[in-house]
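Chemist: The structure's right below; bear with me while I get my questions together.
In the UniProt record's numbering, the protein residues as written are 1 to 640.
Here it is as structure tokens:
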């Protein structure tokens with residue numbers, strides 16, 4: 001009595017006994033070449049969020065191309081979440097979508113979202129990217145991918161930006177073949193893109209319309225006889241002649257060509273170049289062919305297990321910020337479920353009215369690989385990603401191993417200081433460090449705790465003042481570093497500098513907008529003074545705090561750096577991060593926080609400087625991508 005089990009699968013995700021088919025109602029895929037423009041105010045119609053509950057998507061994959069990637073913008077986006085990702089998280093979180101994974105290569109971005117109750121069934125999440133610009137040295141062209149297991153089936157989302165111009169069709173073919181060859185994932189299952197059960201390929205593929213004169217193309221568009229243009233479309237021709245495209249399917253092009261428009265209008269190119277309209281922005285899919293051999297009963301084991309139906313394939317003419325129109329497709333995917341129970345089931349009381357009720361019991365499935373770095377996060381309903389928690393507790397009960405072995409419930413408890421004050425709806429999620437994903441969630445439950453006499457808690461569920469929230473140094477969401485790590489971690493595929501390489505990096509505490517910060521992972525809820533977020537690279541090399549000032553002090557020889565550190569300490573700011581500070585190591589958001597910076601030119605220019613730094617400074621375990629060698633075992637008594 002008073003306990004609430006892990007949520008039952010919704011009708012959309014039910015898997016009846018007896019091997020019945022599992023139906024995922026819809027996966028929405030969006031591609032948009034944004035032409036370096038700023039995000040629009042509203043993307044609700046683009047994501048098809050106004051169609052009613054019966055047509056709600058379970059997953060959404062968004063591929064962007066030509067996001068502003070000038071050096072100053074790229075550096076800012078590396079330190080803070082880019083504005084496009086912020087926009088989509090803000091729009092989707094009220095619909096209970098959570099960011100599952102994201103990857104960026106210069107101006108090419110891929111984001112994958114899912115409803116929160118599907119998170120325990122999304123596993124083996126990996127990302128990769130391939131540059132094809134300038135012979136493979138520049139990332140303005142190429143492909144980025146996110147692969148994951150969805151209810152036991154391997155699915156890959158591939159967002160590409162291929163070479164432009166009519167005469168570059170063969171180059172587009174070669175670049176796509178290179179992307180397929182270069183992208184390899186860890187593990188024995190589905191190591192290559194085409195090894196996955198289902199592949200979605202989309203992006204600005206840049207295929208054009210051959211032979212036909214621009215006047216006839218515009219006449220066909222105005223007269224709505226688009227079928228006369230299909231047979232001259234380069235991609236349609238290639239699907240029947242290029243072996244690399246064998247098996248890829250696409251719905252009918254019943255919408256006008258999506259390129260090239262005058263920005264701010266729905267008129268095709270009126271400049272002196274007068275480029276011919278074309279369907280450059282496309283969405284295709286491929287189902288892995290049935291495996292050879294016969295299974296039980298003389299049937300092929302993969303036969304009829306997976307099917308895809310395209311429910312919608314359209315462009316959105318209402319968006320005029322770019323010379324491309326965005327394209328969206330909605331798919332109904334049906335397959336037999338291979339996983340109908342989460343790896344971790346969480347039990348919690350229906351409502352927490354007193355701090356002593358904040359007890360969490362959880363049961364791990366047989367064979368589940370737990371880690372001492374697993375944690376249980378308390379999330380507000382509508383959280384944006386796994387690091388967007390209100391508070392957390394380490395999932396390290398004394399009898400954890402015995403509970404796992406004997407299939408018993410382990411128990412942990414949230415401290416009174418970690419609980420939000422006021423009234424609101426919350427969700428608990430078990431984050432697995434090994435899987436880098438949420439392995440179990442609860443249904444929403446109520447927390448109703450009295451507010452303190454001094455005022456609202458920093459974690460007040462009402463979010464009392466947007467002006468006061470998140471106005472602090474921003475903790476960063478890393479594509480592959482979503483949790484703390486006690487030791488050696490799988491490295492991101494970026495060959496870029498990690499946080500430990502930037503020994504002299506100081507972030508001045510301030511939000512970007514002087515209002516509510518939109519960073520996905522704020523380090524704390526207390527604002528620090530400061531007007532403009534700046535990056536300080538002292539002229540003299542900075543050392544690690546926690547050592548003697550005369551040897552390696554935090555900007556000991558830099559007057560400005562020293563005064564900044566003193567100011568933060570005097571005004572109650574967070575203590576200096578060091579390997580000897582257990583509180584700094586304890587918070588999952590304090591470790592593995594800097595995303596892999598794909599700043600190729602900076603990486604080359606600073607290569608020599610990094611070598612000298614590596615030789616002269618002690619190891620500081622500040623990121624899973626940093627070299628191992630420093631102890632990072634969390635302290636039991638550490639506070640969030």
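Even for Gly, the Cβ is constructed at its ideal location relative to N, Cα and C.
Please give the ranges of any beta strand (DSSP E) in the segment 92-142, keeping only runs that are unbroken, at least 3 residues long and fully inside the region.
Modeler: With a minimum length of 3 residues, the continuous beta strand (DSSP E) runs that stay inside the segment 92-142 are 97-105, 108-115, 122-133.
Chemist: DSSP state of residue 222, grouped into three classes?
Modeler: Position 222 of the chain shown, counting from 1, holds the residue named residue 222. Here residue 222 sits in helix by DSSP.
Chemist: Answer with buried or exposed for residue 348, where buried requires no fewer than 16 other C-beta atoms within 10 angstroms of its C-beta.
Modeler: Locating residue 348 in the chain shown gives position 348, counting from the first residue. Flag for residue 348 reads buried.
Chemist: Just the Cα atoms here: how many angstroms apart are residue 145 and residue 451?
Modeler: Within the chain shown, the letter at position 145 stands for residue 145. Within the chain shown, the letter at position 451 stands for residue 451. Those two C-alpha atoms are separated by around 45 Å.
Chemist: Restricting to runs no shorter than 4 residues, where is the alpha helix (DSSP H) found entirely within the segment 159-202?
Modeler: Complete alpha helix (DSSP H) runs here, min 4: 169-182.
Chemist: Among 340, 115, 382, which residue has its Cα nearest to the Cα of residue 58?
Modeler: Locating residue 58 in the chain shown gives position 58, where the first residue counts as 1. Nearest option by C-alpha distance: 115.
Chemist: Decide if residue 104 is buried, meaning its Cβ has at least 16 other Cβ atoms within 10 Å, or exposed.
Modeler: Here the question's residue 104 lines up with position 104 in the chain shown. Classification for residue 104: buried.
Chemist: From which residue to which residue does the alpha helix (DSSP H) around residue 228 run?
Modeler: Within the chain shown, the letter at position 228 stands for residue 228. 227-230 is the span of the alpha helix (DSSP H), which, as asked, contains residue 228.
Chemist: Is residue 202 near residue 31, with beta carbons less than 8 Å apart?
Modeler: As a working mapping, residue 202 is identified with position 202 in the chain shown. As a working mapping, residue 31 is identified with position 31 in the chain shown. It is a contact, given that the beta carbons lie within the stated cut-off.
Chemist: Within 10 Å of its beta-carbon, does residue 134 have 16 or more other beta-carbons around it, so buried, or fewer, so exposed?
Modeler: As a working mapping, residue 134 is identified with position 134 in the chain shown. Burial call: exposed.
Chemist: Count the other C-beta atoms from every protein chain shown that fall within 10 angstroms of the C-beta of residue 380, then say buried if there are 16 or more, exposed otherwise.
Modeler: As a first step, residue 380 is located in the chain shown; it is residue number 380 there, counting from the start. With 16 or more other Cβ atoms within 10 Å, it is buried.
Chemist: Taking a contact to mean a Cβ-Cβ separation below 8 Å, would you say residue 118 touches residue 330 in this structure?
Modeler: Taking the first residue of the chain shown as position 1, residue 118 is located at position 118. Taking the first residue of the chain shown as position 1, residue 330 is located at position 330. Not in contact: residue 118 and residue 330 (Cβ atoms no closer than 8 Å).
Chemist: Taking the C-alpha atoms as reference points, what is the distance between residue 277 and residue 257?
Modeler: Looking up residue 277 in the chain shown gives position 277. Looking up residue 257 in the chain shown gives position 257. Each residue's Cα considered, the two are about 6 Å apart.
Chemist: Could you name the residues of the same chain whose beta carbon sits closer than 6 Å to that of residue 70, not counting the 5 residues immediately before and after it, in chain order?
Modeler: Reading the chain shown from its first residue, position 70 is the one you call residue 70. Nothing meets the Cβ criterion.
Chemist: Quick one: what's residue 360 bridged to in DSSP?
Modeler: Start at 1 with the first residue of the chain shown, and residue 360 comes out as number 360. 412, per the DSSP bridge assignment.
Chemist: Could you spell out the range, first to last residue, of the beta strand (DSSP E) harbouring residue 387?
Modeler: What you label residue 387 is simply residue 387 of the chain shown in a count that begins at 1. Here residue 387 belongs to no beta strand (DSSP E), and DSSP marks it neither H nor E.
Chemist: So, helix, strand or coil for residue 417, using DSSP?
Modeler: Residue 417 sits at position 417 when you count from the first residue of the chain shown. In this structure, residue 417 counts as helix in the three-state DSSP scheme.
Chemist: Between the segment 363-373 and the segment 320-335, do three or more beta carbon pairs fall short of 8 Å?
Modeler: No, because fewer than three Cβ pairs between the segment 363-373 and the segment 320-335 fall closer than 8 Å, the two stretches do not touch.
Chemist: How would you write the range of the beta strand (DSSP E) that residue 287 sits in, first residue to last?
Modeler: As a working note, residue 287 is residue 287 in the chain shown. Start and end: 281-287.
Chemist: What are the boundary residues of the alpha helix (DSSP H) that includes residue 239?
Modeler: The residue given as residue 239 occupies position 239 in the chain shown. Element bounds for residue 239: 234-241.
Chemist: In this structure, how does DSSP classify residue 317 when only helix, strand and coil are distinguished?
Modeler: Indexing the chain shown from 1 puts residue 317 at position 317. Residue state, collapsed to three classes: coil.
Chemist: Rank 308, 186, 342, 317 by C-alpha distance to the C-alpha of residue 334 and give the top, closest one.
Modeler: Looking up residue 334 in the chain shown gives position 334. Residue 308 is the option with its Cα nearest to residue 334.
Chemist: Can you check which of these residues, 37, 94, 60, is closest to residue 84 by C-alpha distance?
Modeler: Stepping through the chain shown from its first residue, residue 84 is reached at position 84. Nearest option by C-alpha distance: 37.
Chemist: What's the gap between the Cα of residue 184 and the Cα of residue 153?
Modeler: In the chain shown, counting from the first residue as 1, residue 184 sits at position 184. In the chain shown, counting from the first residue as 1, residue 153 sits at position 153. Taking the straight line from one Cα to the other gives about 17 Å.
Chemist: Taking its Cβ as the centre, do 16 or more other Cβ atoms sit within 10 Å of residue 215, making it buried, or is it exposed?
Modeler: Here the question's residue 215 lines up with position 215 in the chain shown. The residue in question, residue 215, is exposed, as its Cβ has fewer than 16 Cβ neighbours within 10 Å.
Chemist: Roughly how many whole angstroms lie between the Cα atoms of residue 437 and residue 312?
Modeler: Translated into the one-based positions of the chain shown, residue 437 becomes position 437. Translated into the one-based positions of the chain shown, residue 312 becomes position 312. Each residue's alpha carbon lies about 30 Å from the other.
Chemist: Within 10 Å of its beta-carbon, does residue 367 have 16 or more other beta-carbons around it, so buried, or fewer, so exposed?
Modeler: Mapped onto the chain shown, residue 367 falls at position 367. So residue 367 ends up on the exposed side.
Chemist: Alpha carbon to alpha carbon, what distance is there between residue 344 and residue 394?
Modeler: Within the chain shown, the letter at position 394 stands for residue 394. Within the chain shown, the letter at position 344 stands for residue 344. When rounded, the distance between both Cα atoms is 14 Å.
Chemist: Quick one, which of 357, 431, 426 has its alpha-carbon nearest residue 446's?
Modeler: What you label residue 446 is simply residue 446 of the chain shown in a count that begins at 1. Ranking the options by Cα distance to residue 446, first place goes to 426.
Chemist: Give the secondary structure of residue 496 by DSSP, where H, G and I count as helix, E and B as strand, and everything else as coil.
Modeler: Walking along the chain shown from the start, residue 496 turns up at place 496. Bear in mind that the predicted position of residue 496 carries a pLDDT of just 34, short of 50, making it unreliable; the figure below should be weighed with that in mind. Coil.
Chemist: Grab me the residues of residue 106's own chain with a C-beta within less than 6 Å of its C-beta, minus the 5 sequence neighbours each way, in chain order.
Modeler: Along the chain shown, one-based indexing puts residue 106 at 106. Result list for residue 106: 69, 139, 140, in chain order.
Chemist: If you reduce the DSSP assignment to three classes, tell me which class residue 441 lands in.
Modeler: Walking along the chain shown from the start, residue 441 turns up at place 441. Of the three classes helix, strand and coil, the one that applies to residue 441 here is strand, per DSSP.
Chemist: Report the residue from 212, 188, 240 whose alpha carbon sits nearest the alpha carbon of residue 229.
Modeler: Taking the chain shown and counting its residues from 1, one reaches residue 229 at position 229. The option with the nearest alpha carbon to residue 229 is 212.
Chemist: Determine the DSSP secondary structure at residue 209, reduced to helix, strand or coil.
Modeler: As a first step, residue 209 must be located in the chain shown, where it is residue number 209. Strand.
Chemist: Report the partner residues of residue 153 according to the DSSP bridge assignment.
Modeler: Here the question's residue 153 lines up with position 153 in the chain shown. Answer by DSSP bridge pairing, in chain order: 150.
Chemist: Going along the chain, which residues of its own chain have a beta-carbon closer than 6 Å to the beta-carbon of residue 143, five neighbours each way excluded?
Modeler: As a first step, residue 143 must be located in the chain shown, where it is residue number 143. Hits under 6 Å: 130, 158, 160, 179.
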